[in-house]
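Report on the structure given below.
Residue numbers (this note's numbering): 536 to 870.
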């Protein structure tokens, strides 16, 4: 499959009315494995055969993997074979460096002019990286055997003249279905050709993506509606929980409500006022929750020591051991 730059070069040659053939092979030009080695562009200028090669980054740099390094060596070896063979046959060869992709039109035009000049017998420099190799010996290849297959073709579309490509204006006025390529206005890099099949495929993909976006939008709207309902339900649950907590608080408060207020003298002439004991001290053999809370409250709110709590309880007629009091005031440590 031709690259974007190769299609661009084909467009330039078509506009210059230079017959060309892509991926042409020749007897005697073979790669390192012995298979015939194709040439990117074989062109006919003034009944003279000439070559054009467009070298991408893989011709100059190698990856780190073994496979990439092997491929790079193969590209370099094939490039050398192609250059040596063309020189022996007296066939000019233009090797375009990929970094000159923005100067394709100027380079190709100048190369065609140089091929027409039969006096050139040396290497021509078209940029710092792009060179044309000339050795105008009498060509040993008969053009009669290959010239009939040359045309102003674009890869995959034989016998298509350059003036039959669609322009942007034609696409707008006549529709895209009648053309195979969209040909943009020329710049210093030549014409840009965009296959209409790819453009139509792009619009089809855009339509598919838009439909998918609408589908996602509908799903999100449904999810958002569900989410709003879930939020409302959560608010109702929180309200109910708050109501139950309030009821429990009032219930515990009533269970622990004192009959009266006790004034207690603590060591060091410290006087505090404590609520009276709760109504419920024991439930069976176990101390009640209100009584445990009463002891915990003495420890937390009044900052009484365990021994002080024991003393106060004894004054109130409740004999509770120190370990039990410690368990009530700090159950984590006791466990």
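We put the beta carbon where it would ideally sit given N, CA and C, even for glycine.
It should be emphasised that the depicted structure is a prediction, and the values quoted were computed from it without experimental measurement.
Sequence ranges, alpha helix (DSSP H) only - wholly within the stretch 593-670, length at least 4
Fully enclosed alpha helix (DSSP H) runs of 4 or longer: 601-624, 639-651.
**Message:** Looking at the strands, I want to know which residues DSSP matches up with residue 585.
**Reply:** Taking the first residue of the chain shown as position 1, residue 585 is located at position 50. Answer is 578.
| So residue 559 is in the beta strand (DSSP E); what residue range does that whole segment cover? | Start at 1 with the first residue of the chain shown, and residue 559 comes out as number 24. It spans 555-559 - the beta strand (DSSP E) in which residue 559 sits, taken as one unbroken run.
*asked:* Going by DSSP in three states, residue 538 sits in which element: helix, strand or coil?
replied: Counting from one through the chain shown, the residue named residue 538 turns up at place 3. If DSSP states are grouped into helix, strand and coil, residue 538 belongs with coil.
Q.
Using C-beta distances below 6 Å, list every residue in its chain close to residue 848, excluding the 5 sequence neighbours before and after it, in chain order.
A. On the chain shown, residue 848 is found 313 positions in, with the first residue counted as 1. Contacts found: 855.
With DSSP as the reference, label residue 815 as helix, strand or coil.
-> Taking the chain shown and counting its residues from 1, one reaches residue 815 at position 280. Three-state result, residue 815: coil.
Query raised in the report: By the 10 Å Cβ neighbour count, where 16 or more other Cβ atoms means buried, how is residue 813 classified, buried or exposed?
Result: Within the chain shown, numbered from 1, the residue matching residue 813 stands at position 278. Label assigned to residue 813: buried.
>> So, with DSSP's three-state summary, where would you put residue 837?
In response: As a first step, residue 837 is located in the chain shown; it is residue number 302 there, counting from the start. Three-state DSSP puts residue 837 in coil, outside helix and strand.
Am I right that residue 547 and residue 578 are in contact with their C-beta atoms under 8 Å? What's the rounded C-beta distance? Locating residue 547 in the chain shown gives position 12, counting from the first residue. Locating residue 578 in the chain shown gives position 43, counting from the first residue. Their Cβ separation, rounded to whole angstroms, is 11 Å, which puts residue 547 and residue 578 out of contact at 8 Å.
Exercise. So, helix, strand or coil for residue 864, using DSSP?
Worked result: Against the chain shown, residue 864 aligns to sequence position 329. DSSP places residue 864 within a helical segment (H, G or I) once states are collapsed to three.
Rounded C-beta distance between residue 631 and residue 589? I'm assuming under 8 Å.
Translated into the one-based positions of the chain shown, residue 631 becomes position 96. Translated into the one-based positions of the chain shown, residue 589 becomes position 54. So it is a contact: roughly 5 Å between Cβ atoms.
Beta-carbon contacts of residue 693 that lie in its chain and below 6 Å, excluding the five residues immediately before and after: What you label residue 693 is simply residue 158 of the chain shown in a count that begins at 1. A caution first: residue 693 carries a pLDDT of 45, below 50, which makes its placement in the model too unreliable to give a value.
Are there 16 or more other CB atoms within 10 angstroms of the CB of residue 827, so buried, or fewer, so exposed? Numbered from its first residue, the chain shown carries residue 827 at position 292. By the C-beta density criterion, residue 827 is buried, having at least 16 other C-beta atoms within 10 angstroms.
Classify residue 762 as buried or exposed, calling it buried when 16 or more other Cβ atoms lie within 10 Å of its own Cβ.
Mapped onto the chain shown, residue 762 falls at position 227. By the neighbour-count definition (other C-beta atoms within 10 Å, threshold 16), residue 762 is an exposed residue.
Review point. In this structure, does DSSP put residue 848 in helix, strand or coil?
Key: In the chain shown, residue 848 corresponds to position 313, counting from 1. Residue state, collapsed to three classes: helix.
State the CB to CB distance for the pair residue 581 and residue 651, rounded to an integer number of angstroms; the pair is presumed to be in contact (CB under 8 Å).
-> The residue labelled residue 581 in the question sits at position 46 within the chain shown. The residue labelled residue 651 in the question sits at position 116 within the chain shown. Going by Cβ atoms, the distance from residue 581 to residue 651 rounds to 5 Å, so yes, they are a contact pair.
- Message: Between the alpha carbons of residue 558 and residue 573, how many angstroms are there, rounded?
- Response: Counting from 1 along the chain shown, the entry for residue 558 is found at position 23. Counting from 1 along the chain shown, the entry for residue 573 is found at position 38. Here the alpha carbons of residue 573 and residue 558 stand approximately 5 Å from one another.
Work out the CA separation of residue 618 and residue 611 for me, nearest whole Å. Taking the chain shown and counting its residues from 1, one reaches residue 611 at position 76. Taking the chain shown and counting its residues from 1, one reaches residue 618 at position 83. Their backbone Cα atoms lie some 11 Å apart in a straight line.
| said: Taking the beta carbon of residue 754 as the centre, do at least 16 other beta carbons fall within 10 Å, making it buried, or is it exposed? | reply: Mapped onto the chain shown, residue 754 falls at position 219. Result: exposed.
Closest by C-alpha distance to residue 863, when choosing among 594, 759, 822, 851:
The residue you call residue 863 lines up with position 328 of the chain shown. With respect to the C-alpha of residue 863, the residue from 594, 759, 822, 851 having the closest C-alpha is 822.
Enumerate in chain order the residues of its own chain whose CB-to-CB distance from residue 725 is below 7 Å, with the five nearest sequence positions on each side excluded.
Against the chain shown, residue 725 aligns to sequence position 190. Reliability of the predicted coordinates at residue 725 is poor, the pLDDT of 40 falling under 50, and no value is obtained from them.
* From which residue to which residue does the beta strand (DSSP E) around residue 808 run? -> Position 273 of the chain shown, counting from 1, holds the residue named residue 808. Membership of residue 808 in the beta strand (DSSP E) is indicated by the continuous run 805-810.
Practice item. Express the C-alpha separation of residue 818 and residue 824 in angstroms, rounding to a whole number. Key: To locate residue 824, count along the chain shown from 1; it is residue 289. To locate residue 818, count along the chain shown from 1; it is residue 283. Approximately 9 Å, taken between the alpha carbons.
Exercise for review: Return the Cβ separation of residue 816 and residue 833 in integer angstroms, given the expectation that the two are a contact with Cβ distance under 8 Å.
Suggested key: Mapped onto the chain shown, residue 816 falls at position 281. Mapped onto the chain shown, residue 833 falls at position 298. Contact doesn't hold; Cβ gap of about 14 Å is too wide.
Checking 8 Å against the spacing of the C-beta atoms, do residue 841 and residue 851 come in under that value? Along the chain shown, read from residue 1 onward, the residue named residue 841 stands at position 306. Along the chain shown, read from residue 1 onward, the residue named residue 851 stands at position 316. 8 Å or more divides the Cβ of residue 841 from the Cβ of residue 851.
Checklist entry - Whose C-beta lies closer than 6 Å to the C-beta of residue 540 among residues of the same chain, with five residues either side of it excluded? => result Counting from 1 along the chain shown, the entry for residue 540 is found at position 5. Cβ neighbours of residue 540 beyond the five flanking positions: 589, 636.
message: DSSP three-state label for residue 590, please.
response: Taking the first residue of the chain shown as 1, we reach residue 590 at position 55. DSSP places residue 590 in strand when its eight states are reduced to three.
Distance, residue 837 Cα to residue 808 Cα
In the chain shown, the residue the question calls residue 808 occupies position 273. In the chain shown, the residue the question calls residue 837 occupies position 302. When rounded, the distance between both Cα atoms is 9 Å.
| said: Helix, strand or coil, according to DSSP, for residue 774 in the structure here? | reply: Walking along the chain shown from the start, residue 774 turns up at place 239. Three-state DSSP puts residue 774 in a helix.
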